[in-house]
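Working notes, structure below.
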Amino acid sequence: MAASDTTVAAKWRWGLLDVVVVVFALVPVLWIASLSFKTTGTLTDGNFVPREWTLDNYRTIFSTNQFVRALGNSIGIALIATAVAVVLGTMAAYAVARLDFPGKKALVGVSLLIAMFPQVSLVSPLFEIERSLGLFDTWPGLILPYITFSLPLAIYTLSAFFKQIPWDLEKAAKMDGATSGQAFRRVIAPLAAPGVFTTAILVFIFCWNDFLFAISLTSTERSRTVPVALSFFTGESQFEDPTGAICAAAVVITIPIILFVLFFQRRIVSGLTSGAVKG
Amino acid sequence: MPVWLLLPALAVLVPMFAYPLYQLGLLSLFDYGQPQVSGGEPARFVGAGNFSTLFADPAFWTVLGQTVVFAAGCVVVTLALGAALAVLMTRIGKLARTMLSYAALTAWAAPAMTGSVVWMFLFDSNLGLVNEVLGLDGYNWLYDRTVAFALVGAVVVWHSFPFVMITLYAGIQAVPPSVLEAAALDGAGAATAFRRITVPMLRPLIAIVVIQSIIWDFKVFTQIYVMTRGGGIAGQNMVLNVYAYQKAFASSQYGLGSAIGIVMTLILLVVTLLYLRALRRTGEVL
């Protein structure tokens, strides 16, 4: 944009518009946070800022097995799935980015196929397979589909990052007397780390947010994750009026996401624009 | 060939993707319901029977039509909003831009479940902020088919506009300033330069964003399932994804559910082929 047409007045107008959009993006999140701090009596008063603050809703959910187990499941399942997907993805992406081999095109094609695939179609076959293998309603029963559907994202993002690494440095380090292991540890690993880390964040968000697999491949508290547990907070269970509890639970699962965005905003943007697919 | 680098990935993808995919194809050819799952009756081969049942069912065509219109609506609004905001990002100061980026990323990354719950409460007939502000006490936003779809669509857009905005902004930033300067020297105004230079240069990127949005919005599940409680009053807000799920899980017609799954996969496959063509045009080689 030429600098001449951005007068002060225009700047203000655009700034105002910016505020409107920021409000549109953030108000829903703030609203649910506000609801989660309201007492049962003031829940329906429609005030944006709670008139009476309370932590009761949080106390309620953290005192139930239903929520605490689900939180543990969510954290464990998402972390393990992320770790495995990133390791497998790193190996495959290295091959895709650096080596030429027959079938490379096919591999890329398959990745794309999985990325676009309607997950719901695979739910019934997976349900059958997992039941016959005894994986239904277990941690691995969710971890495995999460790895499957995040691998294409991991491979795609990582290979985009790996292509930008100046691999000649590895050769230079070896010429200067470094062993292959040293060259990798001292030169390549530090250069690759940001890409790997970014990918891990994106994969974690995908696993953490999933609802479809979590609702169809689990049946008890053993492996239910928070998004699903939340959908079971109804008046019939221990929550007399589940609204406050649902809001508190929704806030809890959104906190890690908000922290990621706050601390790693730049990385997430670079991951997204490297061609990442939102699953 | 670096087989060992790929083996671990394949070790997951073959049993967890290729095999279920094969099972999906197989299931779609059988009459496979509750009696067969429990082992009471053998599965009966019906060939294309599930597909003819499906295509003869007017409900399927209604759902398919709804899915296409809903996804198209979401894509159009997401893109218009995302593109407008990408341009806005180039016009505002650094502080405003950073704030916008933070807010948008929060919306993008928030769990679909949180998004659905929040918007449900925002528009709740009794405790909702929106009814409070508009003075529509007791108005139920999920009662009317179109209004309910619009509400779910708003949540989908809320989740997906940030991706479009950020990708297109990155694209705009990547346009070499020298080209724009040359245009300015030749007497082109900012608007003309944008229309004649920036937009054409972004065309391949726009194609990618469009197709990704189509793929994403065609597969909306959580928002519909949660907000309309499984497809709306009498299934009026059903889309293909939820329909397939309900057929398979709620009514235990796994064969029919699989047939719907195959139909969806074929539709998305066509979209993906278009995506590949768009990718090739950007000169991207993965």
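Top to bottom, those sequences are chains A and B.
So the first sequence is numbered by the working numbering: it starts at 9 and just counts up by one.
So the second sequence is numbered by the working numbering: it starts at 7 and just counts up by one.
Ideal Cβ positions, reconstructed from N, Cα and C, are used throughout, including at glycine.
{"Check": "Just how far apart, CA to CA, sit Met99 of chain A and Leu13 of chain B?", "Outcome": "9 Å"}
{"Check": "Can you pull out the residues from the segment 129 to 148 of chain B whose beta carbon lies closer than 9 Å to at least one beta carbon of chain A?", "Outcome": "Asp130, Asn132, Leu133, Gly134, Leu135, Asn137, Glu138 and Val139"}
{"Check": "To the nearest angstrom, how far is the alpha carbon of Leu87 of chain A from that of Asn81 of chain A?", "Outcome": "10 Å"}
{"Check": "What is the C-beta distance between Asp63 of chain B and Val162 of chain B, in whole angstroms, given that I count them as a contact (C-beta under 8 Å)?", "Outcome": "Between Val162 of chain B and Asp63 of chain B the Cβ distance is about 26 Å, and since that is not below 8 Å, they are no contact."}
{"Check": "Using a Cβ-Cβ cut-off of 8 Å (strictly less than) and excluding sequence neighbours within five positions of Ala109 of chain B, which residues of its own chain qualify?", "Outcome": "none"}
{"Check": "Could you name the residues of the same chain whose beta carbon sits closer than 6 Å to that of Gln181 of chain A, not counting the 5 residues immediately before and after it, in chain order?", "Outcome": "Looking at the sequence itself, residue 181 of chain A is Ala, so the reference to Gln does not match. Ala191 and Val195."}
{"Check": "In the structure shown, what three-state DSSP assignment does Met9 of chain A receive?", "Outcome": "Caution applies to Met9 of chain A, whose pLDDT of 43 falls short of 50 and renders its modelled position unreliable; the value that the coordinates give is listed next. If DSSP states are grouped into helix, strand and coil, Met9 of chain A belongs with coil."}
{"Check": "Name the residues in the segment 235 to 261 of chain B whose C-beta lies less than 7 Å from a C-beta of chain A; which are they?", "Outcome": "Asn247, Ala250, Tyr251, Ala254, Phe255 and Tyr260"}
{"Check": "For my contact list, Leu157 of chain B and Met233 of chain B are in at a C-beta cut-off of 8 Å; report their separation, rounded to the angstrom.", "Outcome": "7 Å"}
{"Check": "Could you have a look at Trp125 of chain B and say whether DSSP puts it in helix, strand or coil?", "Outcome": "helix"}
{"Check": "Leaving out five residues on either side along the sequence, give the residues of the same chain with a beta carbon under 7 Å from the beta carbon of Ala41 of chain A.", "Outcome": "Val259"}
{"Check": "Report the CB separation of Trp22 of chain A from Arg97 of chain B in whole angstroms; it is logged as a contact under 8 Å.", "Outcome": "5 Å"}
{"Check": "Start and end of the alpha helix (DSSP H) containing Asn73 of chain A?", "Outcome": "Asn73 to Arg106"}
{"Check": "Which whole-angstrom value is the C-beta distance of Thr226 of chain A and Val236 of chain A, which I expect to be below 8 Å?", "Outcome": "6 Å"}
{"Check": "Alpha helix (DSSP H) containing Asn137 of chain B: first to last residue?", "Outcome": "Leu135 to Leu140"}
{"Check": "Check whether the segment 114 to 125 of chain B touches the segment 176 to 190 of chain B, counting contact only when three or more Cβ pairs, one atom from each stretch, lie closer than 8 Å.", "Outcome": "no"}
{"Check": "What number of angstroms, rounded off, separates the C-alpha of Thr50 of chain A from the C-alpha of Leu135 of chain B?", "Outcome": "13 Å"}
{"Check": "Going along chain B, which residues have a C-beta under 8 Å from Gly23 of chain A?", "Outcome": "Ile98, Gly99 and Ala102"}
{"Check": "Considering only the beta carbon of each residue, do Ser264 of chain B and Leu30 of chain B sit closer than 7 Å?", "Outcome": "yes"}
{"Check": "Tell me which residues share the same chain as Leu142 of chain B and place their Cβ nearer than 7 Å to its Cβ, disregarding the 5 neighbours each side in the sequence.", "Outcome": "none"}
{"Check": "How many angstroms separate the CA atom of Arg235 of chain B from the CA atom of Leu148 of chain B?", "Outcome": "10 Å"}
{"Check": "What whole-angstrom Cβ distance do Tyr164 of chain A and Ser119 of chain A have, given they're in contact under 8 Å?", "Outcome": "6 Å"}
{"Check": "Compare the Cα-Cα distances from Phe214 of chain A to each of A:Arg59, A:Tyr154 and A:Ala186 and report the closest residue.", "Outcome": "A:Tyr154"}
{"Check": "Excluding the 5 residues flanking Val285 of chain A on each side, which residues of the same chain have their C-beta closer than 6 Å to its C-beta?", "Outcome": "In this predicted model, Val285 of chain A has a pLDDT of only 36, less than 50, meaning its place in the structure is not dependable; the value taken from the coordinates is given anyway. These residues qualify, in order along the chain: Ala123 and Leu161."}
{"Check": "Can you give me the start and stop residues for the alpha helix (DSSP H) that Leu143 of chain A sits inside?", "Outcome": "Where Leu143 of chain A is concerned, there is no enclosing alpha helix (DSSP H), given that its DSSP letter is neither H nor E."}
{"Check": "Between which two residues does the alpha helix (DSSP H) containing Ala89 of chain B stretch?", "Outcome": "Pro64 to Arg97"}
{"Check": "With 7 Å as the threshold, decide whether the Cβ of Phe61 of chain B is near any Cβ in chain A.", "Outcome": "no"}
{"Check": "Whole angstroms is fine: what's the gap from Arg230 of chain A's alpha carbon to Gly142 of chain A's?", "Outcome": "13 Å"}
{"Check": "DSSP three-state label for Trp22 of chain A, please.", "Outcome": "helix"}
{"Check": "Based on Cα-Cα distance, which residue from A:Ser239, A:Phe268 and A:Ser278 lies nearest to Val124 of chain B?", "Outcome": "A:Ser239"}
{"Check": "Measuring alpha carbon to alpha carbon, tell me which residue in A:Arg67, A:Val28 and A:Phe32 is nearest Phe45 of chain A.", "Outcome": "A:Arg67"}
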